[in-house]
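Reading through the structure tokens given below for one structure.
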């Protein structure tokens with residue numbers, strides 16, 4: 006099996022100004038009921054040598070962070086088989102393991118490594134999957150993420166997100182010497198790389214559907230402007246620098262258009278820019294403030310925040326324009342909305358008893374459920390498989406990132422040294 010697509014290699018070659026401290030992830034809740042699984046240490050290549058990564062350890066950590074699996078500690082393993090012939094599933098039934106993963110790393114004939122692994126259903130006594138990857142030494146961690154995703158999908162039926170990436174904004178230093186950076190890291194916080202570094206604010210990073218570009222807002226020269234930046238080359242282009250507000254860029258599902266908020270004619274409205282023809286089309290036309298657009302998964306509608314009803318609420322309008330319909334009715338503030346990947350729910354920031362929380366609105370029932378418990382939680386972003394949400398929150402007097410499962414059972418905290426971290430955006434699935 007050939008694991009590394011052109012897009013995968015693109016992310017391994019991602020352009021950067023400098024390497025930063027990685028995000029540290031702490032699991033703060035949600036291991037109850039997790040499925041036990043044993044990830045046996047993989048056999049190392051003959052002849053010894055030190056591998057850049059412990060592949061099995063990376064896989065185990067990826068699966069543990071999902072909250073769906075509880076990897077067995079290595080110290081408790083009574084055997085360490087590396088081939089199917091060496092496996093006696095009776096050993097693993099005795100310690101109540103549901104699944105077992107074994108594997109080995111061998112030197113490839115063309116350089117690099119061949120990584121093979123096998124997934125077993127312990128109680129049914131069945132081999133569920135066998136896979137082989139070829140990887141460069143520098144790509145071992147990424148390959149381990151891909152293996153974890155394939156195991157996760159085989160056992161849950163849902164694509165994994167270990168091989169995805171997260172964009173976020175950091176700031177450090179005092180007001181006079183503050184440095185603001187747009188960074189991209191692996192979903193586990195490793196391999197952070199700086200995409201843009203500035204003394205001016207950076208906001209609203211948004212991934213293109215193919216994962217090759219980021220759109221974002223910069224306050225360079227004391228004016229807002231929307232930029233597109235290619236991750237592999239660093240090439241960037243200013244696509245909206247009108248007088249007034251240029252904000253909240255969001256990609257259409259087909260990647261051909263960008264919705265945004267502009268006040269070029271005096272009042273903040275929702276516009277759509279065709280990225281090929283560069284034609285700009287106005288979608289909303291109302292005396293109220295219309296902002297924070299987000300596309301429906303099929304591209305037919307745009308949801309946005311508006312105070313046209315007296316308080317900020319979420320509205321929906323056809324992407325071609327027309328009549329807007331109100332979507333949210335609970336609580337006196339709802340904003341920064343986005344659709345779940347399956348289109349069945351909407352994620353937003355909602356105000357509850359004076360605190361800003363992350364809310365999940367079920368579009369079938371119309372009920373809102375709070376996913377967070379902070380006093381200032383903001384900028385929520387869905388994982389591309391729809392199982393997790395990442396957002397910015399306050400902890401210990403500074404801004405960090407948190408992640409929570411949509412059912413509320415799993416929670417994590419992500420921080421980066423002494424830097425403030427905010428404006429997270431989860432990448433699409435990378436194939």
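Residue numbers (our numbering): 6 to 436.
Here a beta-carbon is modelled for each residue, glycine too, at the ideal position from N, C-alpha and C.
Computed from a predicted model, the values in this text were never measured in an experiment.
Following the DSSP letters along the chain, one finds residue 155 inside the alpha helix (DSSP H) bounded by residues 145 to 161. Under the DSSP assignment, residue 245 falls in the beta strand (DSSP E) whose first and last residues are 241 to 245. By DSSP's assignment, residue 303 forms no beta bridge with any residue. Contact check for residue 139 against residue 121 fails: the beta carbons are separated by 8 Å or more. Buried is the label assigned to residue 317, since at least 16 other Cβ atoms lie within 10 Å of its Cβ. By alpha-carbon distance to residue 29, the top candidate from 197, 222, 374 and 315 is 197. The shortest C-alpha to C-alpha distance from residue 59 to any of 67, 52, 70 and 47 is the one to 47. Distance from the CA of residue 187 to the CA of residue 166, rounded to the nearest whole angstrom, comes to 21 Å. Residues 43 of the same chain have their beta carbon placed closer than 6 Å to that of residue 77, with the five preceding and five following residues left out of the count. For residue 96, the enclosing alpha helix (DSSP H) begins and ends at 94 to 99. Judged by DSSP secondary structure, residue 60 falls outside any beta strand (DSSP E) and instead within the alpha helix (DSSP H) spanning 60 to 70. Under DSSP, the beta-bridge partners assigned to residue 137 are 121. Leaving aside the five residues that flank residue 185 on each side, the residues in its chain whose CB is nearer than 8 Å to its CB run, in chain order, 174, 175, 176, 202, 203, 204, 205, 206 and 207. Annotation for residue 224: no beta strand (DSSP E) segment contains it, and DSSP assigns it neither H nor E.
CA-CA distance, residue 302 to residue 308, rounds to 11 Å. At a Cβ-Cβ threshold of 8 Å, residue 362 and residue 386 do not count as neighbours.
Residue 124 holds the alpha-carbon nearest to the alpha-carbon of residue 88 among 63, 124 and 82. For residue 129, the three-state secondary structure derived from DSSP is coil.
Per the DSSP secondary-structure output, residue 46 pairs with nothing in a beta bridge. For residue 208, the uninterrupted beta strand (DSSP E) segment begins and ends at 207 to 212. Restricting attention to 430, 369, 409 and 373, the CA atom closest to the CA of residue 384 is found in 430. Taken through DSSP and simplified to helix, strand or coil, residue 220 comes out as strand. The beta carbon of residue 183 sits closer than 6 Å to those of 176, all from its chain and outside the five residues before and after it, given in chain order.
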